[in-house]
Ligand SMILES: Nc1ncnc2c1ncn2[C@@H]1O[C@H](COP(=O)(O)OP(=O)(O)OP(=O)(O)O)[C@@H](O)[C@H]1O
Ligand SMILES: [Mg+2]
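In the working numbering, the protein residues as written are 133 to 469.
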């Protein structure tokens with residue numbers, strides 16, 4: 133297959149995430165970035181939309197439509213819908229019928245069980261992949277940002293996704309210590325919604341919670357308080373209303389989740405063999421994943437760990453870029469399908 137021109141290439145890398153699915157096609161680069169959401173009719177089970185179109189229905193869909201996020205906390209929670217979603221995404225970027233078998237490298241969370249791995253494997257296979265290779269998010273992310281992972285030098289990579297936060301120390305091509313907590317950007321949103329409901333008896337939708345997080349959310353108190361007015365439902369008056377929020381209260385809401393992430397990073401560092409700690413201090417912590425974009429999160433982690441923290445150039449793309457790099461050395465990976 134190595135000599136096949138790119139337009140016949142049937143080698144793809146997939147970052148099957150809780151929040152977003154990305155696909156890299158060999159020779160073409162990243163060709164798909166879509167939210168991991170499927171809209172179905174509740175009565176017939178018919179699929180109405182997959183990806184962005186389904187996402188746009190969030191909070192607006194009539195009762196007969198269910199919006200399903202088939203990946204939860206980094207693992208397959210609805211097998212059939214994951215398969216349908218993957219098949220749809222793959223068909224958008226590769227011809228469905230071809231003489232060339234489809235090879236797929238799929239990244240998975242660090243913390244998955246054998247059964248959870250099987251589910252990803254089987255979903256990819258049933259979605260059309262003839263050969264499937266699984267790779268851990270951290271290894272893919274590290275390759276995606278060009279860390280020298282094969283060398284005798286340790287690096288620590290922290291990926292904060294939609295449903296998982298993973299820290300891994302990598303050296304000589306392998307992971308020497310790791311920790312994963314099943315919380316990420318989606319739990320930040322839930323915490324914001326829950327707080328607003330409890331404190332103000334006010335209901336905001338999922339998209340509003342995401343907007344609050346992105347616009348005024350932060351892992352530390354910002355020097356000056358920022359404010360944001362949001363719309364939602366006043367549960368006391370049972371009427372639509374507006375609410376003014378400030379950045380400090382949102383930072384307080386997120387602080388417990390941020391502390392859990394910090395704790396898991398510290399644990400990973402503690403579990404690292406002493407001879408490698410110096411490399412980590414010198415190289416610093418590098419962050420990937422969309423959740424890493426939470427304002428001041430790198431600063432909060434640096435403050436607690438006393439290690440410098442930097443953000444990858446394109447945190448949302450790092451993992452899929454890494455799966456893409458692996459397409460050139462598939463013979464080194466184990467075909468699991
Ligand atoms: N500017 C931002 N500020 C804060 N959070 C952000 C920002 N941009 C994206 N996010 C969050 O990043 C998360 C998605 O990141 P990513 O695509 O890396 O997750 P994923 O790979 O789908 O999830 P996982 O790896 O946990 O399975 C979402 O929760 C989203 O709200
Ligand atoms: Mg991810």
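Positions of the beta carbon are idealized from the N, C-alpha and C atoms, including for glycine. Please read all numbers here as calculations on a predicted model, not as lab measurements.
Check	Outcome
Alpha carbon to alpha carbon, what distance is there between residue 407 and residue 190?	49 Å
Throw me the rounded Cβ distance for the residue 321 and residue 298 pair, which I believe falls under 8 Å.	Not confirmed; about 19 Å, so no contact.
Look at residue 170 and residue 225 and say whether their C-beta atoms are less than 8 Å apart.	no
With distances taken between CB atoms, is the gap from residue 155 to residue 174 smaller than 8 Å?	no
Measuring from the CB of residue 426, is there a heavy atom of ligand 1 at a distance below 7 Å?	yes
Could you pull the DSSP bridge partners for residue 226 from this structure?	Residue 226 pairs with nothing; no bridge assigned.
Which stretch, first to last residue, makes up the beta strand (DSSP E) that contains residue 453?	It is not in any beta strand (DSSP E) - residue 453 instead sits in the alpha helix (DSSP H) that spans 450-458.
Helix, strand or coil for residue 404? Go by DSSP, reduced to three states.	coil
Quick one: measure Cβ to Cβ for residue 325 and residue 295, integer angstroms, because I've assumed they're closer than 8 Å.	About 16 Å; that fails the 8 Å criterion.
Is any non-hydrogen atom of ligand 3 found closer than 7 Å to the C-beta of residue 451, if you look at the structure I gave you?	Ligand 3 is absent from the structure shown, which contains only ligand 1 and ligand 2.
How big is the Cα-Cα spacing for residue 417 and residue 250?	31 Å
Is residue 221 helix, strand or coil when you go by DSSP?	helix
What does DSSP give as the partner residue(s) for residue 374 in the beta ladder?	363
Could you tell me the distance, in whole angstroms, from the CA atom of residue 255 to the CA atom of residue 368?	45 Å
Do you know offhand how far residue 361's Cα is from residue 166's?	28 Å
Going by CA-CA distance only, name the one from 231, 215, 350, 151 that's closest to residue 201.	151
Check whether the Cβ of residue 149 sits closer than 7 Å to any heavy atom of ligand 2, and report yes or no.	yes
Taking DSSP's pairing of strands, which residues face residue 246 in a bridge?	Paired residue(s): none; residue 246 is not in a bridge.
Within 10 angstroms of its Cβ, does residue 376 collect 16 or more other Cβ (buried), or is it exposed?	exposed
Based on the DSSP output, what are the partners of residue 166 in its beta bridges?	153
Around the Cβ of residue 283, are there at least 16 other Cβ atoms within 10 angstroms (buried) or fewer (exposed)?	exposed
By the DSSP assignment, the alpha helix (DSSP H) with residue 512 in it spans what residues?	It is not possible to answer for residue 512, since the shown part of the chain is limited to 133 through 469.
Using the Cα positions of residue 178 and residue 258, report the straight-line distance between them to the nearest angstrom.	18 Å
How many whole angstroms separate the CB atoms of residue 267 and residue 239, which I take to be in contact at a CB cut-off of 8 Å?	5 Å
Are the Cβ atoms of residue 440 and residue 420 separated by less than 8 Å?	no
Sorted by chain position, which residues of the same chain lie with C-beta nearer than 8 Å to residue 471's C-beta, five sequence neighbours on each side aside?	Absent from the model: residue 471. The displayed extent of the chain is 133 to 469, so no value can be given.
Give me, in chain order, the residues of the same chain whose beta-carbon lies closer than 6 Å to that of residue 309; leave out the 5 immediate sequence neighbours on both sides.	301, 400, 403, 404
Just the C-alpha distance for residue 276 and residue 459, rounded to the nearest angstrom, thanks.	12 Å
Mind checking who residue 419 pairs with in its DSSP beta bridge?	290, 443
Is any heavy atom in ligand 2 found nearer than 7 Å to the beta carbon of residue 421?	yes
Sorry if obvious, but does the Cβ on residue 269 come closer than 7 Å to a heavy atom of ligand 2?	yes
Is residue 393 closer than 8 Å to residue 292 when the C-beta atoms are compared?	yes
State the DSSP-derived secondary structure class of residue 275, mapped to helix, strand or coil.	helix
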